[in-house]
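Scroll down for the structure; my scribbles are underneath it.
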Amino acid sequence: MRPGCYRVADRLADMDIAGIEASACFPNTLVRFCGQRFLYGKDKDLSLLCVQAYNDFQIDEWGAGSNGRLIPLGIIPLWDAELAAKEVERVAAKGMPAVCFSELPARLDLPSIHSGYWDPFFAACERNNVGIMMHIGSSSSLTKSSPDAPHVVTSALMAVNCTIALVDWLFSAKLMQFPQLKLAFAEAQAGWIPYYLQRVDEVWEDRRGWGGIHPLLTAPPSSQIPGRVWFSTFGDPVAFRILDLIGPDQLMFETDYPHNDTNWPHSTEVANKATEGLDEETKRKVLSTNAKNFFGLA
1 MRPGCYRVAD RLADMDIAGI EASACFPNTL VRFCGQRFLY GKDKDLSLLC VQAYNDFQID
61 EWGAGSNGRL IPLGIIPLWD AELAAKEVER VAAKGMPAVC FSELPARLDL PSIHSGYWDP
121 FFAACERNNV GIMMHIGSSS SLTKSSPDAP HVVTSALMAV NCTIALVDWL FSAKLMQFPQ
181 LKLAFAEAQA GWIPYYLQRV DEVWEDRRGW GGIHPLLTAP PSSQIPGRVW FSTFGDPVAF
241 RILDLIGPDQ LMFETDYPHN DTNWPHSTEV ANKATEGLDE ETKRKVLSTN AKNFFGLA
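Residues 1 to 298 in full-length UniProt numbering are what the sequence shown lists, from first letter to last.
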């Protein structure tokens, strides 16, 4: 394990090697991608203290020692939406720009985003300009074709849960109910997005009279994307060829450090190759400005 995984100075040194200005730091193996480790704790008072301790560490130690280069991402007490809202209020007051949430909470035996259960949490995020980040694997499940399918099948299907989550969000009308709420998907790549945007609009048009379309959805669902939903890629070549269909203001570049999919230490080279042919303004958006806009750093 590289020391950059657990020491600020070493992380910054590794970022310098790859030409990385700033990086958002997701919870990982111990905590899990949206803090679901503490969801399973029997002692919920202790679990809440663990959530708060992790968030305080992210803000007060990990992020504070980086001169703004390590962007902290919080977790919430997933077992209680009201407590989650209070934790958002608490960490927002300390400068946390975003918190992690499950891509598919129903897979964690929690209420879905359609239920209304999470509305206090969504309202707190909107009120405090705290973004919601959804990382692949944050539902503690990955798509598998069969029990005996090799791991490479699951690896190749990594983005599938996020495609489901995006459709869920666009038809839930939560972005209409909370008009300042911001979402972002991490590590799901982006080449798949235009098809699903076309498909949700087609379904919305064809099934408006009988398909369970939410009354707040008076415009095509894809119209919710600009300025509200961001996507991430660490070099998906398809995404950059069809960037105009995704939205040049909505795509962010990531490194996946320190996982095996990472483009580190060649992040700059990968970024330059991926953005070949784009004008300088668009390159700047994808490699810097869009992330700053999502995290409120611009």
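From the three backbone atoms N, C-alpha and C, an ideal C-beta is built for every residue, glycine too.
Asked	Found
Are there 16 or more other CB atoms within 10 angstroms of the CB of residue 96, so buried, or fewer, so exposed?	buried
Start and end of the beta strand (DSSP E) containing residue 72?	70-74
Kindly indicate which three-state DSSP category residue 184 falls into: helix, strand or coil?	strand
Which value, in whole angstroms, describes the spacing of the CA atoms of residue 10 and residue 19?	14 Å
Between which two residues does the beta strand (DSSP E) holding residue 321 run?	Outside the displayed range of the chain (1 to 298) lies residue 321, so it cannot be described from this structure.
Looking at residue 134 and residue 185, is the spacing between their C-beta atoms short of 8 Å?	yes
In terms of DSSP beta bridges, what is residue 164 paired with?	Its beta-bridge partners do not exist; DSSP assigns none.
Starting from the C-beta of residue 237, find all residues in its chain whose C-beta is less than 7 Å away, skip the five residues before and the five after it, and write them out in chain order.	274
Taking only the alpha-carbon atoms, compute the straight-line gap between residue 153 and residue 100 and give it to the nearest angstrom.	26 Å
Under the rule that 16 or more other beta-carbon atoms within 10 Å means buried, what is residue 252, buried or exposed?	buried
Should residue 162 go down as buried or exposed, given a rule of 16 or more other Cβ atoms within 10 Å for buried?	buried
Just mark residue 171 as buried or exposed, buried being the case when its beta carbon has 16 or more other beta carbons within 10 Å.	buried
Roughly how many angstroms lie between the CA atoms of residue 259 and residue 215, to the nearest whole one?	42 Å
Drop a sphere of 10 angstroms on the beta-carbon of residue 42, count the other beta-carbons inside from all chains shown, and report buried for 16 or more, exposed for fewer.	exposed
DSSP has residue 253 in a bridge; who is on the other side?	233
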